[in-house]
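Notes follow once the structure below has been shown.
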Amino acid sequence: MSMQLLSGWGRTAWTAANVIDSTDPLMIRDAVMNSGDSGVISRGMGRSYGAAAQNAGGTVVVMNAHDDVKGPDILLDSKTGVLDVAASVSLDAILRISVPRGWFIPVTPGTRFVTVGGSIASDVHGKNHHKDGSFGQHVLSMTVLLSSGETVVLTPQDSPAWFWATVGGMGLTGIVLRASIAMLRIESSRVRVETERLPNFDSVIEAMSSDGQDDLYRYSVCWVDLLATGSSLGRGVLTRGDHASSAEVKGDEPCAYDPRLHVSAPAWVPNGLLNKWSIRAFNEAWYRKAPAKRHVGIESIPAFFHPLDGISRWNRLYGKQGFIQYQFIVPLAQTDVLRKVIETFSQAGVASFLAVLKRMGPSNLAPMSFPTEGWTLTLDMAAGIKGLPELLSRVDSMVLDAGGRHYLAKDSHLSPSAVRRGYPRLEEWMATRQEMDPLGTWRSDLARRLLLVPTRRIK
Amino acid sequence: MKNGVGAVQNIVLFGGTSEIGQAVLRKIVQPGIAHLVLVSRDIDTAETMSDDFTEKFEDISIHHVRYDAQSSATMCPIVDDICAEIGDLDIVVIAQGLLQENRDYYSDPMALVPVANVNFTSTMVLMYAVAAKMKKQGYGKIVLLSSVAGERVRKGNPVYGATKAGIDGFALALDHELAGSGASVLVVRPGFVTTKMTQGMKKAPFSTDAESVANVVSRGITADKKVVWAPGILQWMFLVLKNLPLAIWRRLPL
């Protein structure tokens, strides 16, 4: 146990906690039973952007198997595709074992460096949400450590309330120790990708709507140039695809898989490196690089699903000030609000290194799961931008007035009232949480800020 | 809790009617604010000064606490009460101060006791009381309004200068002690600031106003600085003044 300063992937709002780095269920249980008034939260690879996996003044259990994945940690049934895996294992470790055997993780976010536990707690989604839903929908069962010290097995059939409260529950119902996941059959380790350039916001929306053939593709996402203005406002590059068949792949090992880290961001970067001008230049190049006419190609899994994983520690590129991610969703009909939000950010000159738009499918049964049917826009920005709290508060209102909500795994600024407006089933979830954790052990900085847990009074 | 864009939920100001303190609040109270506590001797004045916050921020609740900054014995219970009321202390701004310019301490030496109490003794007690909470919280920022007067104590008002020198040194060392705990101290060294405290006094070179000090403070909090100067040029001026040989220092028309 040691006192450590922790932050999310965005490297803002650092706070100190007692850190216990262990994947051993007995040690974890011991730490939970002996925690003080400030409670416990579990943390995987620290990839949620805000304060979801930190706990100021309390205990943080870091459950990250790193490269030390032992045999029993990942058990894959090659016939049925059922994966029985320890929560501390990363999607990266899973893919290295499953892809060569012809199985793919059913849902992957933009990075494979997240643990199974974190993926359940945030109910992560990927480019296939409109077809396959989010991570929790593919979990067959999970073993959860409760704050009482008891371990329970939750399934959607036998314990739906507790199961779905844990999916998207941000680690505030218990610690997921193990999960069983239904994997996706693939014939190759490649993806057939169609890429097209779209000149403005309207063409992007049209192409991604369900009648724009989006439903024909398992995976679909659009990169958006947020700095483009005027008639080019909202222009983007749309990529859609599916796993390639073995016939489409050359060579005799269609499932060969070799993800590599290419480069690492330097340890120190000045605050202003990513600014309006550098990002505008990048965006222009990125847009021009994409083929003007629809183009079909074969890409590797890392190139298509996890492009940023090629640069390790890319979160340092914003410098010491750190950065925030802003991800929200609005209902399908609210494209005007979506356009207004893009306009607002564009006018404010907010430079986003990465902005992506995706059409999401229907929501699942989890009260705190983020995705609902609608448009989700994700962007990142330097945390030090002048007037950012006011700007975000304005955009928050636009999103909430349109019936939208924000993704808690990305959040680093929401107010308690904003999360209550965005998540109408919050009270129901809080009641289930109370049932699962009557002692009020699970706490995080995010939960404290959003008043998801009782206010702490230090004596 | 503090958030990722530098806004906080709970702010406490000691010296609730201080003009610099109020100016700092106008900078650091941002969307997301939940509780604002003004601790002051004169609650009525503090109330009129805080009215516009209620209009501007819908989720804000403002609390007023009466205190006597001279009374070091009351500091710990006040801090306890505030925590019991609002929860965590995100930012605590300490702007309590007593100047007592042109006082004849030769004829009444005991007149310096209140200055020493408010600027030094009480403030140290207060800072330990707050730091103890913040250490347990695992985060939190104390903003101490010090003064360039403590950089090199001069004749004219050596009592004020000495208390500022003392508290400034204390605050820097306290921040050092807190390293790694998540809690920290920002020491603010303004020069001559035109406020009611300095009314009628002759302006010193590089004088500034409360709003400019507040800008410097707000940037200092965001950048997680240890010390800020207002205006910034004073840092370099005092680097020189501090190191002048005594013979020259004494001849300066300060």
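Protein chains in written order, with my numbering: chain A, 723 to 1181; chain B, 2 to 255. We put the beta carbon where it would ideally sit given N, CA and C, even for glycine. Treat the numbers as computed from the prediction; the structure is a model and nothing was measured.
Can you tell which of the options has its C-alpha closest to the C-alpha of residue i?
| i | options | result |
| --- | --- | --- |
| T1163(A) | P747(A), M723(A), P1029(A), G758(A) | G758(A) |
| G22(B) | V9(B), Q97(B), I87(B) | Q97(B) |
| P1024(A) | H1017(A), V1018(A), G1032(A) | G1032(A) |
| W1097(A) | A1077(A), T1057(A), F1075(A) | T1057(A) |
| V186(B) | L242(B), A224(B), A231(B), I234(B) | A224(B) |
| T922(A) | R912(A), Y941(A), S932(A), V959(A) | What sits at residue 922(A) in the sequence shown is Asn, not Thr. Ranking the options by Cα distance to N922(A), first place goes to V959(A). |
| D169(B) | A180(B), K156(B), E152(B), S182(B) | E152(B) |
| D1159(A) | T745(A), L1168(A), V874(A), P988(A) | V874(A) |
| E212(B) | V114(B), R27(B), L245(B) | R27(B) |
| S1085(A) | R733(A), R765(A), F857(A), S800(A) | F857(A) |
| R1179(A) | F239(B), N11(B), A180(B), M238(B) | N11(B) |
Buried or exposed: where does residue i fall if 16 or more other Cβ atoms within 10 Å of its Cβ makes it buried?
| i | result |
| --- | --- |
| R1170(A) | buried |
| K1181(A) | exposed |
| K134(B) | buried |
| T49(B) | exposed |
| I234(B) | exposed |
| S182(B) | buried |
| R982(A) | exposed |
| P882(A) | exposed |
| E918(A) | buried |
| S51(B) | buried |
| S764(A) | buried |
| W990(A) | exposed |
| L1114(A) | buried |
| E20(B) | buried |
| L805(A) | buried |
Measuring CB to CB, does residue i end up less than 8 Å from residue j?
| i | j | result |
| --- | --- | --- |
| M864(A) | R900(A) | yes |
| E909(A) | R962(A) | no |
| G761(A) | K137(B) | no |
| V791(A) | V811(A) | yes |
| L1130(A) | A753(A) | no |
| C977(A) | S911(A) | yes |
| L255(B) | R155(B) | yes |
| F15(B) | L37(B) | no |
| M755(A) | N786(A) | no |
| V1052(A) | G1126(A) | yes |
| V149(B) | A172(B) | no |
| S108(B) | R67(B) | no |
| T124(B) | I95(B) | yes |
| G994(A) | R1061(A) | no |
| M128(B) | L99(B) | no |
| G772(A) | G824(A) | no |
| E1095(A) | L1030(A) | no |
| H1230(A) | I903(A) | It is not possible to answer for residue 1230(A), since the shown part of chain A is limited to 723 through 1181. |
Using the Cα positions of residue i and residue j, report the straight-line distance between them to the nearest angstrom.
| i | j | result |
| --- | --- | --- |
| V836(A) | R769(A) | 6 Å |
| L948(A) | V30(B) | 29 Å |
| G17(B) | D45(B) | 10 Å |
| V1059(A) | P992(A) | 34 Å |
| S208(B) | A184(B) | 31 Å |
| I750(A) | T895(A) | 15 Å |
| R1038(A) | S147(B) | 34 Å |
| K1011(A) | V821(A) | 30 Å |
| N997(A) | T199(B) | 42 Å |
| A1153(A) | A112(B) | 60 Å |
| I897(A) | W1036(A) | 28 Å |
| I1064(A) | Q935(A) | 24 Å |
| L1174(A) | F1004(A) | 40 Å |
| G839(A) | A809(A) | 4 Å |
| F1026(A) | A231(B) | 51 Å |
| W250(B) | N244(B) | 9 Å |
| K1015(A) | S925(A) | 14 Å |
| D933(A) | N4(B) | 40 Å |
| V217(B) | V194(B) | 13 Å |
| D43(B) | I63(B) | 15 Å |
Problem set entry | Contact between the stretch 879-898 of chain A and the stretch 962-973 of chain A (3+ Cβ pairs under 8 Å) | Too few Cβ pairs lie closer than 8 Å, so no.
For this session: Please determine if the stretch 1047-1055 of chain A and the stretch 952-959 of chain A are in contact, where contact requires at least 3 C-beta pairs separated by less than 8 Å.
Result: At 8 Å Cβ cutoff, the stretches do not touch.
For this session: Decide yes or no for the touch test of the stretch 131-151 of chain B against the stretch 78-94 of chain B: beta carbon pairs closer than 8 Å, at least 3 of them.
Result: Counting Cβ pairs under 8 Å, three or more are found: they touch.
Exercise. If you pair each beta-carbon of the stretch 848-857 of chain A with each one of the stretch 818-833 of chain A, do three or more pairs fall below 8 Å?
Worked result: As far as the Cβ criterion goes, the stretch 848-857 of chain A touches the stretch 818-833 of chain A, which means the pair count is three or higher.
For this session: Would you check if the stretch 1096-1115 of chain A and the stretch 1076-1083 of chain A touch, i.e. whether three or more CB-CB distances between them fall below 8 Å?
Result: Between the stretch 1076-1083 of chain A and the stretch 1096-1115 of chain A, the count of Cβ pairs shorter than 8 Å is three or higher; the stretches touch.
Problem set entry | Stretch pair the stretch 735-745 of chain A + the stretch 772-786 of chain A: three plus CB contacts closer than 8 Å | Note that the stretch 735-745 of chain A touches the stretch 772-786 of chain A; at least 3 beta-carbon pairs, one per stretch, sit closer than 8 Å.
For this session: Take every Cβ of the stretch 1128-1144 of chain A, pair it with every Cβ of the stretch 864-874 of chain A, and state whether three or more of those distances are shorter than 8 Å.
Result: At 8 Å Cβ cutoff, the stretches do not touch.
Exercise. Below 8 Å, can you find three or more Cβ-Cβ pairs linking the stretch 68-83 of chain B to the stretch 105-121 of chain B?
Worked result: Short answer: they touch.
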